[in-house]
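Everything on this sheet refers to the single structure shown next.
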Amino acid sequence: MTDIRNAEKGSIVGSLTVAPITRHTLALYCGASGDLNPIHVDIDFAKASGMTDVFAHGMLSMAYLGRLLTDLAPQTTLRSFTTRFTSITQLGAEITCTAKLAERFSEDGEDRARLELTAVDQNNDVKLLGEAVVALPN
Numbered sequence: 642m643t644d645i646r647n648a649e650k651g652s653i654v655g656s657l658t659v660a661p662i663t664r665h666t667l668a669l670y671c672g673a674s675g676d677l678n679p680i681h682v683d684i685d686f687a688k689a690s691g692m693t694d695v696f697a698h699g700m701l702s703m704a705y706l707g708r709l710l711t712d713l714a715p716q717t718t719l720r721s722f723t724t725r726f727t728s729i730t731q732l733g734a735e736i737t738c739t740a741k742l743a744e745r746f747s748e749d750g751e752d753r754a755r756l757e758l759t760a761v762d763q764n765n766d767v768k769l770l771g772e773a774v775v776a777l778p779n
């Protein structure tokens, strides 16, 4: 990973690739998050809803982006974190999250960096787009 303070605008400052999403992953996430929507774990319910199978929670991919962020900067330096869900994440998806330096700026007496965030699967299908602002150390 590249040091955000010394990175060029537009450069990738961090990435994270996670293991393929399995039914087990979804069951664990249901329990951890409290999101018990059956469309994520019950194939019969998913099919009755017009889907071919269960699919991942959108917030699971957002959690992967959050993990990337806290790998890049301490949680206490996070000033904002937003995402937009762009497509469904199927079983077997191998999600890769990246953070690109959009800009460095000063606000409220802090040096900060705005990061463009992306989560894509192994087919380069974009699952989430987002942005985060982190305070930079002195």
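Taking my numbering as reference, the numbering of the sequence shown is continuous, increasing by one, and the terminal residue is 779. All residues carry an ideal CB built from backbone N, CA and C; glycine is no exception.
Distance, S652 Cα to P715 Cα: 20 Å
Top-ranked residue by Cα proximity to S705, from R745, P661, N764, E744: The identity of residue 705 in the sequence shown is Tyr, whereas the question assumes Ser. Comparing Cα positions, the closest option is P661.
When you compare the CB positions of T723 and A776, do they come within less than 7 Å of one another, or not? no
Can you tell me which residues form a DSSP beta bridge with A773? F722, L756
Contact between the stretch 669 to 676 and the stretch 694 to 710 (3+ Cβ pairs under 8 Å): yes
Determine the closest residue to G750 out of L657, P778, L667, with distance taken between C-alpha atoms. P778
Length of the line joining the Cα atoms of A760 and K650: 20 Å
Can you tell me which of the three DSSP states G655 falls into? strand
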